[in-house]
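>
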Amino acid sequence: MTDHSAAAKARAIPEQHLNETTQEFCMFLINGLTDIAIYMLSPTGHVQTWSAGAQILKQYEAAEVMGKHFSMFYTKPDQDRNFPNYELEQATRSGKFEGAGWRVRKDGTQIWVDVVIAPMRDKEGNLKAFVKVVRDATDKKKAEEMIERQRRDLIELSTPVMHLWRGILALPIVGTLDSTRSQVVTERLLQGLTDSDSAIAILDISGVPTVDTVVAQHLMKTVDAARLMGCDCIISGIRPEIAQTMAHLGVDLSKVKTKSSMARALEEAMSIMEMRIVNDSPKERARV
Amino acid sequence: MISQTEQLSVLQETDLVSIRNKVRLHAQQAELGLVDETKLITAASELTRNMLIYAGGGGVAIEQLDRADVKGVRIAFEDKGPGIADIGLAMTDGYSSMHSLGLGLPGARRLVDEFEISSKPGEGTRVVITKWKR
Amino acid sequence: MTTQKIPILKLGEFLLVTIQGELHDTQAYTLQDELSAKVANTNARGVLVDVSGLTIVDSFMGRMISTIAATTRLMDAETVVVGMQPAVAITLVDMGLSLPGISTAKNVDKGMAMLRSKLGYSPEDDANHDLPD
Chain C
141 MTDHSAAAKA
151 RAIPEQHLNE
161 TTQEFCMFLI
171 NGLTDIAIYM
181 LSPTGHVQTW
191 SAGAQILKQY
201 EAAEVMGKHF
211 SMFYTKPDQD
221 RNFPNYELEQ
231 ATRSGKFEGA
241 GWRVRKDGTQ
251 IWVDVVIAPM
261 RDKEGNLKAF
271 VKVVRDATDK
281 KKAEEMIERQ
291 RRDLIELSTP
301 VMHLWRGILA
311 LPIVGTLDST
321 RSQVVTERLL
331 QGLTDSDSAI
341 AILDISGVPT
351 VDTVVAQHLM
361 KTVDAARLMG
371 CDCIISGIRP
381 EIAQTMAHLG
391 VDLSKVKTKS
401 SMARALEEAM
411 SIMEMRIVND
421 SPKERARV
Chain Y
8 MISQTEQLSV
18 LQETDLVSIR
28 NKVRLHAQQA
38 ELGLVDETKL
48 ITAASELTRN
58 MLIYAGGGGV
68 AIEQLDRADV
78 KGVRIAFEDK
88 GPGIADIGLA
98 MTDGYSSMHS
108 LGLGLPGARR
118 LVDEFEISSK
128 PGEGTRVVIT
138 KWKR
Chain R
124 MTTQKIPILK
134 LGEFLLVTIQ
144 GELHDTQAYT
154 LQDELSAKVA
164 NTNARGVLVD
174 VSGLTIVDSF
184 MGRMISTIAA
194 TTRLMDAETV
204 VVGMQPAVAI
214 TLVDMGLSLP
224 GISTAKNVDK
234 GMAMLRSKLG
244 YSPEDDANHD
254 LPD
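Order-wise, the sequence lines are chains C, Y and R. Per the working numbering, the first sequence starts with residue 141, numbered consecutively. Per the working numbering, the second sequence starts with residue 8, numbered consecutively. Per the working numbering, the third sequence starts with residue 124, numbered consecutively.
Given below as structure tokens:
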């Protein structure tokens, strides 16, 4: 049979039969999808159909939910802020609602779901019902949360605050400095100054590959904030390429103490504290 | 808790302190962290003061946002004051129609993640700020 | 309205102002007036403004600190702001209010040492000006 004749035969089925067949097919499909809940809501949000997937996902039998308002699947705070109706309004207004959130199952446990709600209209455009498709995405959500936690940990770990000497802190920054990480660096540096009762911080950026205007401005802000706290902040390890970029960007570092290396910065810090590193070996003394 | 909204009115200078305290509570509930909490309270303080100076007071609505993926605090400041004719100008650093350094609006904007302002001369001004948990 | 006055302590040639908790605007205005009067009356050479107890400094309070510094300078006294909290410092800088030209110190002791060195006291003089805690 050619495609053409198949189409012709399909067309030959009376409309009534077609509707029934389609409906049967749909029900078969809907009930076959056990990890997705597909059900219909009345225009007022009351449950009208229930599928096998819905039963598995929400743990309710059809008899327990038919005719009930669908807000029963939502968390108390979502119910309080009238979020279920908001979803229906959005779907009605824009033809579709897509979202994600926590839902409560029959046993009280919560699952994270992806939700799509679409309005069904008759030929005249009147709202007949809503179709709601819900998928369990709890595992995906948990994986995302884990990645996010690891990302945060990494930022924290990659920005150690070292107590170099009495009253002197050092923050060697290795890796790319973006806006988020710059904020973390600033906060850790300032908090470190308070916690360790230090008055001088050395911010070493020799491990930072590039510095753009945003990061440069952030460094300046850090220096400014440290000054407001009554502390000095020395920036060390500005590599030639970065110095050039900064000069090019017109970053004014004239008010900031900069040193080529961490060692030089430490010397500077010592001199601010009116201390000096002296070679005290007998050999050195004999030479003097 | 999702979307707990608290309505407060600002009528006199002493209300500033209570607004700051309320914002602190909400910021702590949303777990913003000390620095972001401080920024949000400071921004709220600036905007509340603005309402007192320019409109003689107004209303403050503090809302906790708890979308499952992110928490935050949203604060709306609404007054029935003279309004702002040129918002662009009012958002410029150093601009002030009265005796102040004009840091209120642009300063507050720099402290929050989202900043919306709408105003009609003669009708009033509405500013909405949002700070999300990082 | 019950507004507490902010105490101004005299420490030798210096004045110590400790601002704690929430600062009302009225308190701030009163403080500015009283402080300049006290600088004049006592011939103070320096003012230490301890803000370690402040969790919020908005632009109004930031301006107040600037005004105090400018006023005392005109009266031949130096102002040092001490003990600013990290979160407050970040917030002020973010707002664009980094209080340029104002001297700062980590704590009251360091602020005191800074005032002394600004006024040209040698460490020997220090002993004479030391006051009990």
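Ideal Cβ positions, reconstructed from N, Cα and C, are used throughout, including at glycine.
1) Candidates C:V274, C:A202, C:V351 and C:L228: which alpha carbon is nearest T184 (chain C)'s?
2) Identify, in the order they occur along the chain, each residue of the same chain with its Cβ nearer than 7 Å to the Cβ of S322 (chain C), setting aside the five sequence neighbours on each side.
3) How would you label Q290 (chain C), buried or exposed, when you count the other beta carbons within 10 angstroms and need 16 or more for buried?
4) Which residues mark the beginning and the end of the beta strand (DSSP E) in which I69 (chain Y) is found?
5) Pick from C:F213, C:I412, C:T316 and C:S336: whose alpha carbon is nearest that of I251 (chain C)?
6) Against chain R, with Cβ distances strictly below 8 Å, would S126 (chain Y) count as a contact?
7) Answer yes or no: does any C-beta atom of chain R fall closer than 8 Å to that of R416 (chain C)?
8) Can you give me the C-alpha to C-alpha distance between V17 (chain Y) and V134 (chain Y), rounded to a whole angstrom?
9) When you compare only the Cα positions, how much space is there between D254 (chain C) and G193 (chain C)?
10) Using a Cβ-Cβ cut-off of 8 Å (strictly less than) and excluding sequence neighbours within five positions of G40 (chain Y), which residues of its own chain qualify?
11) Which same chain residues end up closer than 8 Å to T178 (chain R) when comparing Cβ atoms and leaving out the 5 residues on each side of it in sequence?
12) Of the residues R:E157, R:L132 and R:R168, which one's Cα is nearest the Cα of M237 (chain R)?
13) Using the three-state DSSP reduction, which class does H209 (chain C) fall into: helix, strand or coil?
14) Which partner residues of M302 (chain C) appear in the DSSP bridge assignment?
15) At least one CB of chain C closer than 8 Å to the CB of H252 (chain R): is that the case?
16) To the nearest whole angstrom, what separates the beta carbons of G206 (chain R) and D173 (chain R), a pair I think is in contact under 8 Å?
17) Pairs of beta-carbons, one from the segment 336-356 of chain C and one from the segment 372-388 of chain C, closer than 8 Å: are there three or more?
18) Threshold first: 4 residues or longer. Then list the alpha helix (DSSP H) segments lying entirely within the segment 77-101 of chain Y, N to C.
19) Does any CB atom of chain Y fall closer than 8 Å to the CB of K219 (chain R)?
20) If we call anything under 8 Å between Cβ atoms a contact, is R27 (chain Y) one with I48 (chain Y)?
21) Three or more C-beta pairs under 8 Å: does that hold for the segment 152-159 of chain R against the segment 126-136 of chain R?
22) Tell me whether the beta-carbon of E44 (chain Y) lies closer than 8 Å to the beta-carbon of G90 (chain Y).
23) Report the rounded CA-to-CA distance for S421 (chain C) versus L343 (chain C), giving the unit in angstroms.
24) Give the straight-line distance between the Cα atoms of A83 (chain Y) and E407 (chain C), rounded to the nearest whole angstrom.
25) Within the continuous beta strand (DSSP E) that includes D276 (chain C), where are the two ends?
26) So which of C:K246, C:A387, C:L389 and C:M360 has the shortest CA-CA distance to I375 (chain C)?
27) Which residue's Cα is closest to the Cα of T334 (chain C): R:L242, R:Y244, R:A228 and R:M235?
28) Chain Y beta carbons: is any one of them nearer than 8 Å to that of A193 (chain R)?
29) Report the start-end ranges of each beta strand (DSSP E) in the segment 158-201 of chain R that is 3 residues or longer and not cut off at the edges.
30) DSSP on C371 (chain C), reduced to helix/strand/coil?
31) Which same chain residues, not among the five before or five after G114 (chain Y), have their C-beta less than 7 Å away from its C-beta?
32) Check P128 (chain Y) in the structure and name its three-state DSSP category.
33) What does the Cβ neighbour count give for H33 (chain Y), buried or exposed, with the cut at 16 atoms within 10 Å?
34) Helix, strand or coil for P422 (chain C)? Go by DSSP, reduced to three states.
35) Can you list, in chain order, the residues of the segment 348-363 of chain C whose Cβ is nearer than 8 Å to any Cβ on chain R?
36) Would a C-beta distance cut-off of 8 Å place G307 (chain C) and M413 (chain C) closer than the cut-off?
Taking the definition as stated:
1) C:L228
2) V355 and H358
3) exposed
4) G65 to R74
5) C:F213
6) no
7) no
8) 14 Å
9) 14 Å
10) K140 and R141
11) Q208, A210 and V211
12) R:R168
13) strand
14) C:A310
15) Model confidence at H252 (chain R) stands at a pLDDT of 48, short of 50, so the residue's coordinates are unreliable; what they give is reported in the following sentence. Judged by the 8 Å Cβ criterion, H252 (chain R) is not in contact with chain C.
16) 5 Å
17) yes
18) 94-97
19) Residue 219 (chain R) is actually Gly in this sequence, not Lys. Closer than 8 Å: yes.
20) yes
21) yes
22) no
23) 31 Å
24) 51 Å
25) L267 to D276
26) C:M360
27) R:A228
28) no
29) 169-176
30) coil
31) E53
32) coil
33) buried
34) helix
35) K361
36) yes
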